[in-house]
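For the sequence shown, this note's numbering gives the first residue as 1446, with consecutive numbering after it.
The next block holds one structure in the form of structure tokens; read it before the comments.
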Amino acid sequence: MSVDTDECSSVQSLRHGEDLPLVPISSESERTIIKAKYENVSAELLDPGLAEFLERLMELYEKYQETEEKMIERLTTQKEQLTSQAAQIEEATSRILWYSEELETKDQVTLEIEILDIKKLVDASHIREQDSQETIEFLRGQIKKLETDIELKEQMQAEIDAEKHWRYSLAKQVTGPASI
């Protein structure tokens, strides 16, 4: 069995607690390749506990990717809504300008009612924009929390690996290399 040196360095990085960069996976085939590499590395080099941890870590990362895609899609939809609302506001503003020029021919009461309706549209649009901004901030916080959780789990695994190595070294020193 030959092992890819990139796979070994990734495993060594995990064992020594180094942070691996989180790069967005853009296609399903890339996800499959990465998952296969981790499964291969875990099967050849790692103990079952770490293999399970890596499998769970990959599941969390895939869930993170799916959540991120959904959030981006939702944000895109909200951005389109905001653009549409901005166009409505612009149209309403131009109507106000036109009405102000045609004031002599329009009934004053009717014009005031239309202005109030336009102001209501503007206020509603502003509230939607604020809601969208709050949603964006919330989603950013969720993404940051997921990243922090992943980093914490990686650190915990690195500590477990270091303790196993220390126990192995201690056992080797106490009993000697021949009995291990």
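Glycine included, each C-beta is placed from N, C-alpha and C at the ideal position.
Judged by beta-carbon spacing, Q1587 lies beyond the 8 Å limit of L1495, meaning their Cβ atoms are not closer than that value.
Annotation: the continuous alpha helix (DSSP H) that includes E1518 extends over P1493 to E1546.
In terms of Cβ geometry, A1537 and I1563 form a close pair [threshold 8 Å]. L1566 is not a Cβ neighbour of L1556, given a cutoff of 8 Å.
Boundaries of the alpha helix (DSSP H) around S1614: Q1553 to T1620.
In the displayed model, S1474 falls within a helix according to three-state DSSP.
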